[in-house]
Structures are given as structure tokens and as C-alpha cells.
Amino acid sequence: MKPVRQQVLGVRCWVLGVGCILGFMFISGCDNSPRLYKESRVMMGTFVEVISPEEKAAGIAFGEIKRIEDLLSKYNQASEVSKLNSAGQLKVSRETYYIIVRSKEFWALSNGAFDITVGPLVELWGFRDKKYYLPLKAEIAQTLKMVGTDKIILNPADNLVKFAVPGMQIDLGAIAKGYAVGCAVRKLRENAIKSCLINAGGQIYCLGSKSGKPWVVAIADPGKKGISGKLRLINKAVSTSGDYEQFFIKDGTRYGHIFDPRTGMPANSGLASVTVVADDSLVADALTTAIFVLGEEKGKSLAEKFPGVKIKIIKERNG
Ligand code: AMP
Ligand code: MG
18 MKPVRQQVLG VRCWVLGVGC ILGFMFISGC DNSPRLYKES RVMMGTFVEV ISPEEKAAGI
78 AFGEIKRIED LLSKYNQASE VSKLNSAGQL KVSRETYYII VRSKEFWALS NGAFDITVGP
138 LVELWGFRDK KYYLPLKAEI AQTLKMVGTD KIILNPADNL VKFAVPGMQI DLGAIAKGYA
198 VGCAVRKLRE NAIKSCLINA GGQIYCLGSK SGKPWVVAIA DPGKKGISGK LRLINKAVST
258 SGDYEQFFIK DGTRYGHIFD PRTGMPANSG LASVTVVADD SLVADALTTA IFVLGEEKGK
318 SLAEKFPGVK IKIIKERNG
């Protein structure tokens, strides 16, 4: 891997031929910083980037993210999540069980706005394979019968996860990247890496500082080409959710990839993007999605339940 001197890194990803600007950009602190190593890979259905003054950091982070991807990815037929989705029940590993339990907690705290059983909705609307489709009301009603975290039956004695209704599918897209980044950070710390920035498709962790100064993360403005603010972070996770990257427009209406599980429709709470800064990467990831569905007022009340969490909301623009 070649060392690079960072100036301004506009983070763009080109996955499956589709270009998208991620929610963040990184900006270097000053000109006399030491060299940084930067490496990128497509993992967990997104673009993962690792930046560190330590050459071995990227290999450690990617190794850990790959391990989590192998457990949780809906795109990998051999993953535990895929096996659970096709069989309707499975004795899963301790880690997969833990993620499902944490997801259930966020479902309860968000009054059902955060719900990993949105899988059948994601598929119905064509977001799984990007063959977008505007479903009929009856199709949505039918699909909603398979949605609801209350229909996941958990047995902690043997980590058995069981779906109460045939056809249910879990989709950990709103929490798995945050968990994976958190695991990667733990591994980096175990390996005495003190400075590293990981960005997994908008799930960022700033480990330590960058040459003694905070990492600077810029929040992209969903409405304009540019940034809406900068965050200076040390040992913090930051996550953004929005519908400005994955969406389709039909008859002048925009339909995004984050669903309101209570209606079966793409969330329409008047927000363009939500950014959360937290100590824990999993919390940041799950909260941004939940707040995006809940909207500003209820979203802020949810965030208040997590001490130390900061949120930034960008509202929908008119026109
Ligand atoms: P994020 O980018 O973290 O907000 O996650 C969005 C992804 O999570 C979507 O692409 C879906 O796979 C999944 N998802 C959509 N709506 C929800 C929801 N209400 N709760 C949990 N996961 C969702
Ligand atoms: Mg999320």
C-alpha cells in the first residue's frame, strides 16, 4: 500500500457502477502532518475506507469487517442472516444473536420506527436489487403481515432465532456497518493502533487523533454540492442516514430506501439527513436510521435517552 499525503479527500464511491457522494468528506488538519496510508475496499455492499499513519491498520480493520460481513450480510448466501432468512429459524452465533437483541432494543425504544424485519418491504419496493417498483396498497398491506420485530422469537438458552410468520426476513443494513466498525476499532486498539479513521459507507469512527489534532469530518449537504458543517472528533463514532443516495423518483415523487415499518412506505418525516455523533458506532448507526423515520421532535426525544449523543438534522428543502 502506498503512503499518501492527505490534502482534501472528497469521498465518493462508485459501487456497482452507481456513483454516490457519501455523507461525509475528510479534510486534513495541516500541511506538515505525517504521511497517512489510505486503503479502500468494497465490503458490506458499500465502500470502506481506512486512513492511518500505521501501514498495518487497514489490513486489521478489513479483516474484522470481513468477519462480520460473513455473519450478517444479506448479499452473502452463506451468511447466518441469509440462512436464517431462508429457513425461518436458525441457531445463530453469539454475535448474530447479540445484534438481533440490540436491534430489538432499538425497536422498543423507537416505538417500532427502527425495525430489522423490513426485509420484505425492501424487496417489494425493489431496493434489494435496484429494480425499483411502486407497489399497490394491497401489496404493501400483504407485505406488512411479515413485518414486525415482535414476530421474532428469541431463545437465549441456545441462541435460536425463529420467525413467527413465514416469509419474514431480517435486514441488518441499518446497524451492521456500525457494529462492524466498532469491532474493527476494538481490534485496532488490541493491536496498539492509536490513530485511524474508518469510513464504512457513512459509518465513521475516528480513533485517536490525527497528528495530535482531531480528525475533521465534513457533513455533506444533501441539497447542495458542498458541506453543511464540520466535526472535529477524537475517539468518536459518526453516522449519517438520509434518502439522498438511494432513492427513485416516480411521477414526481421521491421514494427512499429507509422505510416506516408502521406504514410500509418510505419514511416521510420531512428530514433530508440525520447525523449522530456517539461513543459507540452501533448506537450511532441505529439511531440515525431511527431518527430519520421518527422525524425531528420524536427523534430528538429518542436521542436524549443516550447520554453524550449529539445529533444534527438537515430538513427537507422545498423545491
Ligand atoms: P442506514 O443507511 O443505516 O439508515 O440504513 C438503511 C438500511 O436499513 C436500508 O437500506 C434497509 O436495508 C434498512 N432499513 C430500512 N428501513 C429501516 C427501518 N425502519 N429500520 C431498520 N432498518 C431499516
Ligand atoms: Mg443506520
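The sequence shown begins at 18 in my numbering and counts up by one.
In this text, a Cβ means the ideal position worked out from N, Cα and C, and glycines have one as well.
How long is the line joining the alpha carbons of residue i and residue j, rounded to whole angstroms?
i: Ile38; j: Ala174; result: Its pLDDT being 34, under 50, Ile38 is placed unreliably in this model, and the value from its coordinates should be taken loosely. Distance between the alpha carbons of Ile38 and Ala174 is about 44 Å.
i: Ala209; j: Ile266; result: 47 Å
i: Ala301; j: Pro152; result: 31 Å
i: Glu207; j: Leu250; result: 21 Å
i: Phe323; j: Asp296; result: 10 Å
i: Ala320; j: Ile328; result: 8 Å
i: Pro231; j: Arg119; result: 30 Å
i: Ile221; j: Gln106; result: 32 Å
i: Ala74; j: Tyr196; result: 18 Å
i: Leu53; j: Ala104; result: 45 Å
i: Gly246; j: Ile330; result: 11 Å
i: Leu299; j: Ile77; result: 19 Å
i: Lys234; j: Ser127; result: Per the sequence shown, the amino acid found at residue 234 is Val instead of Lys. For Val234 and Ser127, the distance between alpha carbons rounds to 27 Å.
i: Lys147; j: Phe264; result: 9 Å
i: Gly243; j: Gly143; result: 30 Å
i: Ala307; j: Leu248; result: 21 Å
i: Asn6; j: Val326; result: One cannot answer for residue 6 here, as it falls past the ends of the chain, which runs 18 to 336.
i: Glu71; j: Lys211; result: 9 Å
Between residue i and residue j, which are expected to be in contact by the criterion C-beta below 8 Å, what is the C-beta distance as a whole number of angstroms?
i: Tyr343; j: Val178; result: The structure shown does not extend to residue 343, since the chain is modelled only from 18 to 336, so the question has no answer here.
i: Lys91; j: Asp188; result: 6 Å
i: Asn176; j: Arg111; result: 7 Å
i: Cys213; j: Ser69; result: 4 Å
i: Leu304; j: Val293; result: 5 Å
By Cβ distance, which residues of its chain are closer than 8 Å to residue i, with the 5 residues on each side in sequence left out?
i: Ala158; result: Gly281
i: Phe309; result: Ser258, Gly259, Asp260, Ile275, Ala284, Ser286, Leu288, Ser290, Val291, Gly316
i: Cys200; result: Glu81, Ile82, Arg84, Ile85
i: Asp87; result: Asn93, Ala95, Ser96
i: Glu140; result: Gln186
i: Gly218; result: Cys30, Leu39, Met61, Gly62, Thr63, Phe64, Val65, Lys194
i: Lys332; result: Gly287, Leu288, Ala289, Glu313
i: Pro137; result: Thr160, Met163, Val164, Gly184, Met185, Gln186
Per DSSP, which one or two residues make a beta bridge with residue i?
i: Thr4; result: With the chain covering only 18 through 336, there is no way to say anything about residue 4.
i: Gln106; result: Lys179
i: Met282; result: Asp277
i: Cys223; result: Leu214, Lys253
i: Ile68; result: Lys55, Leu214
i: Trp232; result: Leu250
i: Gly259; result: Ser290
i: Leu171; result: Val178
i: Thr63; result: Met60
i: Ile244; result: Ala237
Spatial neighbours of residue i within its chain, please: C-beta separation below 6 Å, excluding the five flanking residues on both sides.
i: Gly184; result: Met163
i: Thr166; result: Lys121, Trp124, Asp132, Thr134
i: Asp277; result: Ala284, Val310
i: Asn102; result: Gln186
Considering only residues of the same chain and omitting the five flanking positions on each side of residue i, which have a CB-CB separation below 7 Å?
i: Val182; result: Lys162, Met163, Lys168
i: Arg58; result: Val65, Phe79
i: Val35; result: Caution applies to Val35, whose pLDDT of 23 falls short of 50 and renders its modelled position unreliable; the value that the coordinates give is listed next. There are no such residues.
How would the residue list near the ligand MG read, in chain order, if you kept each one whose beta-carbon is closer than 7 Å to any heavy atom?
-> For the ligand MG, residues qualifying as neighbours are Ala191, Ile192, Gly195, Ser256, Ser258, Asp302, Ala303, Thr305, Thr306, where qualification means a beta carbon closer than 7 Å to at least one of its heavy atoms (chain order).
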